[in-house]
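>
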């Protein structure tokens with residue numbers, strides 16, 4: 428089963444969101460439009476728009492309002508991907524050429540900036556300072572998370588706590604506010620949208636941990652990019668940090684990481700991946716992701732028992748076990 432199958436009941440409304448996304452990134456400037464639409468057509472799970480709509484089911488569900496939250500949140504996610512691909516020097520994403528690879532770094536950076544600006548323009552149509560403030564804070568935190576990741580490239584001494592704070596900023600916050608703002612825009616009380624925020628935060632943390640695991644366990648066909656991309660660029664993810672605690676592999680893994688560091692991103696990571704897979708790091712990271720999912724599911728129990736709650740439960744369970 429695919430993640431998109433879990434929110435099939437939203438298909439018609441998500442089709443509207445997809446049309447709005449394309450319309451929002453199309454401009455009079457041909458190159459900007461071409462680059463932005465290229466990114467959009469590469470696809471994606473659209474988990475953030477789906478969560479906005481599901482959260483909106485707990486209140487006064489109005490697509491004309493909710494789309495002005497769902498579209499900006501997905502645009503912010505898309506913009507961050509364009510910038511990530513420049514930082515990571517990534518040639519492919521989801522099996523497609525990145526904007527950076529198809530054009531160049533300058534076009535990619537300005538495309539990302541353009542998409543960010545479009546997101547802010549759309550949400551400004553809603554006259555609610557709470558929405559604007561939450562979105563602005565999330566963008567600030569995402570930028571800090573990216574800077575921290577760059578700072579800690581190949582830093583094998585960083586702590587698990589540093590890693591968790593980084594993914595909170597880079598990934599979990601945007602999923603959390605997708606829940607929060609979808610519900611808030613639908614007029615739910617703070618008790619509901621704050622609980623949904625915490626649900627989204629926990630799902631987001633598990634989502635990123637699973638993503639980091641898949642980078643080490645998946646195939647190029649599954650990932651749409653070569654496995655081991657994180658370690659090749661120096662991103663020390665949770666499975667790596669936990670593997671470095673395993674005395675059976677620590678010394679050789681450190682030597683492999685140092686070798687990769689000196690290769691200017693061209694190293695074969697096969698041995699490093701083998702060592703991480705043979706360590707306790709994979710199992711321990713998977714257990715932590717499962718704990719975040721259990722917290723997310725537990726938070727749903729305090730919400731009204733409507734079909735959307737069941738779908739959010741299924742999404743959480745799926746995220747905890749996803750293999751692509």
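In my numbering, the protein residues as written are 428 to 751.
All C-beta atoms, glycine included, are put in the ideal place defined by N, C-alpha and C.
(1) Indicate the three-state DSSP secondary structure (helix, strand or coil) for residue 524 in the structure shown.
(2) Three Cβ pairs or more, each shorter than 8 Å: is that satisfied between the segment 679-690 and the segment 575-584?
(3) Helix, strand or coil, according to DSSP, for residue 519 in the structure here?
(4) Over what stretch of residues does the alpha helix (DSSP H) that includes residue 464 continue unbroken?
(5) Taking the alpha helix (DSSP H) that residue 589 belongs to, which residues open and close that run?
(6) Within the continuous alpha helix (DSSP H) that includes residue 540, where are the two ends?
(7) Would you kindly work out how many angstroms separate the C-alpha atoms of residue 597 and residue 603, rounded to a whole number?
(8) Taking buried to mean at least 16 other C-beta atoms within 10 Å of its own C-beta, is residue 457 buried or exposed?
(9) Rounded to the nearest angstrom, what separates residue 681 and residue 658 at their Cα positions?
(10) Please determine if the segment 718-729 and the segment 690-700 are in contact, where contact requires at least 3 C-beta pairs separated by less than 8 Å.
(11) Nearest-angstrom Cα distance between residue 623 and residue 479?
(12) When the Cβ atoms of the segment 710-720 are set against those of the segment 442-451, are three or more pairs found closer than 8 Å?
(13) Expressed to the nearest angstrom, what Euclidean distance is found between the alpha-carbon atoms of residue 461 and residue 656?
Based on what the coordinates show:
(1) strand
(2) yes
(3) strand
(4) 457-468
(5) 587-594
(6) 532-550
(7) Computed Cα separation, rounded: 11 Å.
(8) It counts as exposed.
(9) 12 Å
(10) no
(11) 10 Å
(12) no
(13) 27 Å
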